[in-house]
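Just below is one structure, and these are the notes that go with it.
Residue numbers (our numbering), protein chains in the order written: chain A, 1 to 606; chain B, 1001 to 1183; chain C, 2001 to 2172; chain D, 3001 to 3306.
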């Protein structure tokens, strides 16, 4: 009954934080820190009770490894971000509601991952959606929360429909049994409608529009949670749709593309498209948070492809990428939030040279992007390596092309905030700014450490994933002491790290043996012998990849497309309105009769 | 400016000077008419690369600053700015009579007279303008000077910094200009 | 396209110049009174001479006068017009042309810098343009002595014997 | 992992440095002869590097220094992983993905240090270099991917070993002719040789990322460039030209491949960066996908010879 206590405490603390914030804003913020840390610790020790089932009221829960893994990643994102809450209370419009929603959505995620039946899952899912909708509204724009809610609602309703459809066949809501006995067209309908909420949440291609809107304009303290945490709920749905709904078995006799049944390959292709779209869009963003949001779209594609592969290696890569991206993305968003805390902006063209004022934040961001771009020795490399190996096993050449594109493209976009925000000349306005306090630095350092840990000792995390793989009947990925073994070769991340350190040491020795260099100001650079005095003008940050952007700058934006469609629908509605609701009653009667006759005629023919 | 050859370099400096002498990268400041003499010197006919010389893009990378012609006061400000961005040991080679004593612009209000009052010139190549043969000869001379440790203009500049600065300010007023065109 | 003669006649009629000549093919030179410069420019501009090529100055030191020269060009006729006017050298003042040709801003600034002619109405005219730091007479005036300036500012090499050592001079 | 591994690693670094720097010097002579010049001395590249290390340098803050060290460190670590005719200082770690991504550490370090100098030219150069990387890497990686699928191995030394023993017919460049062409074109892009050298254009953007380097920093960049050249050429050599059974064969093939790339670039003008991207995404990408599909779907190119 441990989980029940966690849930109860979190919900109670959520209510309490609302009232505490009324009395003292800072104290309310600290309440979220304490209760999320408590949830994290309690969840960590929940590992002993894996396999237990229990029920609270009508809700049934079962503690599984995969639920434990997912909820740990999620609550990690929540608890690390909560350290920022106390400092942002002053800037928040409704701090009490913010704290309340923050903890409530956390409780929702925990409940969702451990749900035993679909009704429980759906209720908790909707709790998260609703509470996060209200939080996003507290940020820069209301429009963002509409977009977020509309897309979430489409997904949720579709999933609910799928659950009901499956119920009509199997007669049960229990996750492990609900999809039994599906076949044919029904199976395809259930599969696609069920995974729709997952796709919407993880930001897969046609549904990715909410991520930049919501991430970009949510409060700075909630963006890390959105990107590092809530997006991963979609991965959970994707996971359920290939395990609880045994897609590979049900679609087993369908046409196979590179070894994957067509419906699954279709979803993987969507993942690949979102890698490409996310990468291309991220490259041309001018706002750091929107850029990172689009990078979440791209990384969501990797996670989806990995999980849908459902094999020994690629699946492990997808699950590993889940935690890597959560850690890296949360750290990057926190670093940007820390910069925004000091400068008050997230626009890249309005900042520069923050490295001289905030070196620790810079290092945090650097490590985060190294992990996000999949460069050794950070965690992102290990998971991308596993996904590449999985793709190479099956020869999925087009998905691999997209994955490579996203991987190299990520060097391009992650470098932009690094260069625009942190490197270059410090703006005159920011010359007196200070590094953030230790309390804010602490979660960032923890996440940085985690990035390094996942990269150097990936097996600690992969062991959990092998347990998940065993629990769903897959062959687990082969792990030796420090190495990951796949059919195509092995990776010893620790040794790679050591050799990297060796190379670094040699370079360092050569560097310090040579004479010390004279240090000059950043304004004293080669400017073709021209005198330049304005720091802001010398810093090159906006339109960074202009020649490359120009090549696809005129391509249609998905959001514009949706807007056009909505206008068309409104026009269509206008047409119907003018037909049926005109001033002349005889016209209405005529159309109603006409429609009625046509329906009868068609019915007769059929 | 007369430099005495007091050879008290240690072995490391001698080795370093050997490297410096055989690998000279130049920043080539196209001030006057002399710039046009450089392309033939670099390309197939005279092939400067066999001496280990080559063009470089910025003063930070370069070893030798070539002043190829007359210097107006405006240009001199930029040349001084560029020279101070160079990493020592760095040398200056000045071309043509304009840099030696003003040349045909000796009475102009806008061009300076002698360059070595403002910057430590290691080698003058006389002529109006010097042809590529002369330039190659001059570079050979420079290489010999560096090898022997005689090209110490940069050291001289550091030691007599006040003297040079005083001359520069007397003639130019100010080196770093800040006006509406330099923001 | 109107012929050269037509234009000459039109200009004669409109501007009533003191003197008129055609120094070369497709070129017209007209000398007007300094007060008439502004009106003449605005007339020529609406006549089709839309491009102001240059504003410059000549120092007639013996007459104690500055001659301001405006060169305009018509893209429809392909004809250059020179407008010339002489102002007093001791009190050189001229009305600005920036309200007719905004580009005149920098030409006038240059004339002010090099000759010291004042342009009323051009606020920028007093600021330095080419000469970054200048503390003497405007340098293109005839009474400015560049040799003296150069000698005082940019010291020359003493012509010692260091250059003639090879042909028999003493050692350094 | 013993001390001997590190000693071997150090020796590999030393040997590679001497070999590649000599080869670069000789290739400067080759380029000179193409232009009917006499050319520099064969050891000129050593003189340049040591001269640069000898000079004083200017630093633009700690990230400027740190980036340079990180770049050289990452690149040297990558060199240690490259198999040299079957010899590896750290056996088993010659995974293609490890090498191509560890290479990115060096790139990132260099980009960071260059942008840390605060010079706009450097930022433009970095932007172009990263765009260039995006262009050449996709076609090349697709071919390599197909190869990994066909050989069931991502290990450079294993792929190289499998090509040996059949003479020239064993080489992947011959078995997969389209892939071989893509690899050579991508090699030019990787090496930053003409026509894909717009990111270090000296006259237009003042040598791009290297604009602020001088003295030992510049020396580091030159050493880094030698190592990077070695990694890139050796990658293509092992994957497409069968590595080398003996060290001499390896060195000979390497020299021929590198000189070949150099000669091609010696007679080329320069692409603008968007032209380079367009070119790579038109011709080599199409060839790579055709080649990849042929290998994956039919097995042709790998199995037919056995």
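Here a beta-carbon is modelled for each residue, glycine too, at the ideal position from N, C-alpha and C.
Here residue 3225 of chain D is buried. Its C-beta has 16 or more other C-beta atoms within 10 Å. In this model, residue 159 of chain A and residue 585 of chain A are separated by some 41 Å (Cα to Cα). The shortest CA-to-CA distance from residue 279 of chain A to any of A:264, A:262, A:300 is the one to A:300. Contact between residue 2113 of chain C and residue 2131 of chain C holds: CB atoms are separated by about 6 Å, below the 8 Å threshold.
For the 7 Å CB-CB criterion, residue 123 of chain A and residue 105 of chain A do not form a contact.
Here residue 2081 of chain C is bridged, per DSSP, to C:2028, C:2072. Within 10 angstroms of the beta-carbon of residue 3062 of chain D lie fewer than 16 other beta-carbons, which makes it exposed.
In this structure, DSSP gives residue 151 of chain A a helical state, which the three-state scheme calls helix. Using a CB distance below 8 Å, the part of the stretch 3205-3217 of chain D facing chain A consists of 3206, 3211, 3212, 3215, 3216, 3217, ordered along the chain. The closest CA to that of residue 3045 of chain D, considering only D:3291, D:3287, D:3219, is found on D:3219.
At least one C-beta of chain C is nearer than 7 Å to the C-beta of residue 1173 of chain B. Scanning C:2089, C:2087, C:2117, C:2123 for the CA closest to the CA of residue 2099 of chain C turns up C:2123. Pairwise C-beta distances place the stretch 3124-3131 of chain D in contact with the stretch 3198-3205 of chain D, as three or more of them are shorter than 8 Å. Pairing residue 1060 of chain B with residue 3214 of chain D gives a Cβ-Cβ distance under 7 Å.
Secondary structure of residue 2123 of chain C (DSSP, three-state): helix.
Residues of chain C whose Cβ lies closer than 9 Å to the Cβ of residue 1114 of chain B are, in chain order, 2154, 2155, 2156, 2157.
Where residue 3021 of chain D is concerned, there is no enclosing beta strand (DSSP E), although the alpha helix (DSSP H) around it starts and stops at 3003-3034. 1100, 1101, 1102, 1106, 1107, 1108, 1109, 1110, 1111, 1112, 1113, 1114, 1117: these are the residues of the stretch 1096-1123 of chain B whose beta carbon lies less than 8 Å from some beta carbon of chain C, given in chain order. Taken in chain order, the whole alpha helix (DSSP H) runs of length 4 or more contained in the stretch 3269-3304 of chain D are 3273-3293.
Any Cβ of chain D closer than 7 Å to the Cβ of residue 1075 of chain B would place that residue at the interface, and such an atom is absent. Residue A:351 holds the alpha-carbon nearest to the alpha-carbon of residue 420 of chain A among A:410, A:463, A:351.
Here residue 211 of chain A carries a helix assignment [DSSP, helix/strand/coil]. Between the stretch 2022-2030 of chain C and the stretch 2076-2087 of chain C there are three or more inter-stretch CB-CB distances shorter than 8 Å, so the stretches are counted as touching. Scanning the stretch 3042-3075 of chain D for uninterrupted alpha helix (DSSP H) segments of 4 residues or longer gives 3044-3054, listed from N- to C-terminal end. Neighbours of residue 1177 of chain B in chain C, taken as residues at a C-beta separation under 8 Å, are given in chain order as 2132, 2133. Among the CB atoms of chain A, one or more fall inside 7 Å of the CB of residue 1082 of chain B.
Exposed is the label assigned to residue 2022 of chain C, since fewer than 16 other Cβ atoms lie within 10 Å of its Cβ. Looking from the CA of residue 248 of chain A, the closest CA among A:188, A:225, A:204, A:209 belongs to A:188. Where residue 1066 of chain B is concerned, there is no enclosing alpha helix (DSSP H), although the beta strand (DSSP E) around it starts and stops at 1064-1067. Following the DSSP letters along the chain, one finds residue 1085 of chain B inside the alpha helix (DSSP H) bounded by residues 1073-1085. Leaving aside the five residues that flank residue 2101 of chain C on each side, the residues in its chain whose CB is nearer than 6 Å to its CB run, in chain order, 2052. In the three-state DSSP reduction, residue 489 of chain A falls in the strand class (E or B). Within the same chain, 209 come within 7 Å of residue 562 of chain A by CB-CB distance, once the 5 residues on both sides are set aside.
Excluding five sequence positions before and after residue 3056 of chain D, the CB atoms of its chain that fall closer than 6 Å to its own CB belong to 3215, given in chain order. Residue 2005 of chain C is bridged by DSSP to nothing; it lacks a bridge partner. Taking 7 Å as the cut-off, the Cβ atoms of residue 3077 of chain D and residue 3012 of chain D do not count as close.
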